[in-house]
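Respectively, the protein sequence lines represent chains A and B. Residue numbering for the first sequence follows my numbering, beginning at 1 and increasing consecutively. Residue numbering for the second sequence follows my numbering, beginning at 180 and increasing consecutively. Here is the structure we will look at, set down as C-alpha cells.
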Amino acid sequence: MDYTALVDAINSGDKKSVNEICADSLVILKKYLVANYGATPHDAEDAVQQMFEYLIPKIQENGIEKPGGLAKYMMKATKHSYLNHLRDFEFDEMDRMTEEPKVDGSQIWNLIDEDRKSILRKCIETLKLHYRTLAEYILQHPEADAEDVADNFEISVANAWTRKHRVIKQLSDCAEKNG
Amino acid sequence: MNEIQIYKQIVRYIDGKLSHEETEQLWEEFVKYPEYYKMFETELHLRDVAREAKEKGITSINQMKREYGRNETEEPGFGRWIYAIAATLIFAFGLYFLTGQEESLTHPDTIASIHLNELTGADIVRSDDAVTSNIDVEINRGLALAYAGDTERAISKFSTLLFDSPEPEQKARIQMNLGILYYNKADFENAITHFEPAAQVESMNRFFREKAWWFLGNAYLNLEMLEEARGAVFNAYQLDGRFQAPAEEMLDILNGRP
C-alpha cells in the first residue's frame with residue numbers, strides 16, 4: 001500500500017482512489033479478525049469500516065507519526081475496533097490499552113472458502129512437469145513438510161522449499177486470474 | 180525477509196508454530212504486501228484440498244478431476260443457479276486452457292528457454308586419435324537428435340558420452356549441451372550440475388565460458404539460489420562478451436533484492 005498516494009487521495013477528497021489504494025488491505029484486515037479473533041464476517045466488516053472512519057481524520061491531522069507503520073497502526077486500530085463489539089471503549093483510549101484478546105491459531109480454517117477450493121483444483125490440473133508431480137505428492141501426503149519432500153524427490157531441503165514456493169506462486173497466480 | 184522466508188513463515192503459521200508476536204508480524208506483512216496474503220490463502224486452501232482428497236482416497240490429479248467433475252453434476256437440486264454459474268465458470272476455464280496459455284516454469288527475470296543454436300558441436304579440426312575423433316562424431320549425432328526435437332535421446336547420447344573418457348574440451352561441450360537441454364525441460368538442478376563444470380574449463384575460450392556462466396546464473400535464479408546466481412552472472416559479466424549487457428541488467432535486479 002502506497003502511504004503517500006493514500007495521503008494525497010485523502011487530502012484531495014478523492015474517495016475512488018482511496019478505495020482503490022486500500023481495497024486489498026481492508027479485505028486482509030477483515031480476514032485478520034476472522035482468523036485471529038473468531039470474528040464473523042459481518043462483525044469483521046463493521047470493525048474494519050469503523051477503523052477506516054477513524055483512520056482518515058487521523059491521517060489528515062498527520063496523526064500517524066511513522067508512515068511506514070501504517071499497516072501496523074491499521075491492524076491495531078482494527079483489532080480494537082472489534083473489541084468495541086465485546087465491550088465499550090473509546091478509540092482515544094487505544095494507546096493506553098494493554099490487554100489483548102486471546103489469539104487462537106486454529107481459527108485460520110475459518111478462512112476456507114469452497115469456491116476458492118474449486119478454483120484451486122482446476123489450477124492444480126494445469127500444473128506441468130515436476131510441479132505437477134509435487135502437487136500430486138502433496139495430495140497423497142497432506143502432512144508432508146519440506147524435509148519429506150526433499151527425501152521423496154532426492155533433492156536438497158533448500159530446493160524442496162523453492163519448489164513448494166514456486167508451486168504455490170503458480171497456483172496463487174492462476175487462482176487470481178480465474179477467481 | 181525475502182519471499183521464500185515469508186513462505187516458510189506462512190507454513191509455520193499454518194502448522195501452529197508461530198508465537199503471537201510472529202503471527203502479528205506476518206499479518207502486518209500481509210497487509211503491506213497483499214501478494215503474500217494470497218500465497219498464504221493458496222497454501223491454506225491447498226492443504227484443505229489435499230486433506231479432503233486423502234479422506235476420499237484420491238491419489239492423483241486425474242482422479243481428483245474425475246471425482247469433482249462428476250460430483251459437480253450430481254449435486255442435489257437446491258441452489259441450481261449456483262451450478263449454472265459453476266458450469267459457466269468451468270466452460271470459461273476450458274476455453275482459457277484451450278488457448279494454450281501455460282504458466283511459466285521459469286523465474287520472471289530469467290531467460291525462458293535457451294535457443295538450440297547455443298548447443299556446441301565438436302571441434303572442426305578433429306584429433307588424430309580414433310577414440311576422441313569418434314567422440315566428436317557422437318557429439319554431432321547428439322546435436323542432430325536435439326535439433327530434430329528428440330530431446331530425451333539427445334540427453335541419453337550426451338550422458339553416455341561422459342563415460343567414454345572425453346578430452347576436457349569435449350567434456351565441456353557435452354556438459355554445456357546437457358545443461359541447455361535440461362534447462363529447456365525446466366530441470367534446473369540437472370542443468371546446474373552440467374553448467375557448473377563446463378564454465379570452469381580454463382582451456383575453453385572466454386566466449387564459451389561466458390555462455391556457461393550466464394546460463395548457470397539463470398538456472399540458479401530459477402531455483403531462487405540468489406547468492407549463487409549473483410556469483411555466476413558476475414563471472415559472465417566480467418568476461419565481457421555478448422552476454423555482458425543482460426548480465427549487467429540481471430545483476431542490477433539481483434542487487435536490488437534484500
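Glycine included, each C-beta is placed from N, C-alpha and C at the ideal position.
Straight across, the Cα-Cα distance linking R385 (chain B) with K350 (chain B) is about 16 angstroms. In the three-state DSSP reduction, N181 (chain B) falls in the coil class, being neither helix nor strand. The alpha helix (DSSP H) runs lying completely inside the region 10–77 of chain A and spanning 4 residues or more are 15–37, 41–60, given in chain order. L322 (chain B) and G300 (chain B) have their C-alpha atoms roughly 7 angstroms apart. A direct Cα-to-Cα measurement between F422 (chain B) and M74 (chain A) gives close to 47 angstroms. A straight line joining the alpha-carbon of P41 (chain A) with that of V48 (chain A) spans about 10 angstroms. In this structure P347 (chain B) is not in contact with D24 (chain A), their Cβ atoms being roughly 55 angstroms apart against a cut-off of 8 angstroms. Here the alpha carbon of N181 (chain B) sits roughly 11 angstroms from the alpha carbon of Y215 (chain B).
In this structure, the beta-carbon distance from L55 (chain A) to A44 (chain A) does not fall below 9 angstroms. When secondary structure is reduced to three states using DSSP, Y212 (chain B) falls in the coil class, being assigned neither helix nor strand.
Chain B places no beta carbon closer than 9 angstroms to that of L6 (chain A), leaving this residue out of the contacts.
Its Cα nearest to that of S382 (chain B), the residue B:R352 stands out among B:I432, B:L430, B:R352, B:R245.
An exposed status is given to S198 (chain B), since fewer than 16 other beta-carbon atoms sit within 10 Å of its beta-carbon. The DSSP assignment places no complete run of the beta strand (DSSP E) inside the region 347–423 of chain B (cut-off: 3 residues).
E176 (chain A) has a beta carbon lying within less than 9 angstroms of a beta carbon in chain B.
Interface flag for I432 (chain B) against chain A is unset, since no Cβ pair is found closer than 9 angstroms.
Only I155, N159, W161, T162, H165 from the region 152–165 of chain A bring a Cβ to less than 7 angstroms from some Cβ of chain B. Against chain A, the CB of D227 (chain B) has a partner CB under 9 angstroms away; the residue lies at that interface. In the structure shown, the three-state DSSP call for E143 (chain A) is coil.
In the same chain as P376 (chain B), and ignoring 5 residues on each side of it, the C-beta atoms closer than 7 angstroms to its own belong to Q354, in chain order. For E297 (chain B), same chain residues with a beta-carbon under 7 angstroms away, outside a window of 5 residues either side, are I359, K390 in chain order. At a Cβ-Cβ threshold of 9 angstroms, N356 (chain B) and F337 (chain B) count as neighbours. Assignment of L324 (chain B) by DSSP, reduced to helix, strand and coil, places it in the helix class. D24 (chain A) reaches chain B at P213, counting residues in chain order whose Cβ is nearer than 7 angstroms.
In this structure, E143 (chain A) keeps its C-beta atom at 9 angstroms or more from the C-beta atom of T238 (chain B).
Between D43 (chain A) and chain B, the shortest Cβ-Cβ separation is not below 9 angstroms. Straight-line spacing of the CA atoms in E331 (chain B) and R166 (chain A) works out to 25 angstroms. By the Cβ criterion, the region 76–85 of chain A is not in contact with the region 109–116 of chain A, since fewer than three pairs of Cβ atoms, one from each stretch, lie closer than 8 angstroms.
Judged by their CB atoms, K187 (chain B) and W161 (chain A) are nearer to each other than the 9 angstroms cut-off. Only residues of its own chain outside the window of five on either side were considered, and among them R388, A391, W392, L395 have a CB closer than 6 angstroms to the CB of A378 (chain B), listed in chain order.
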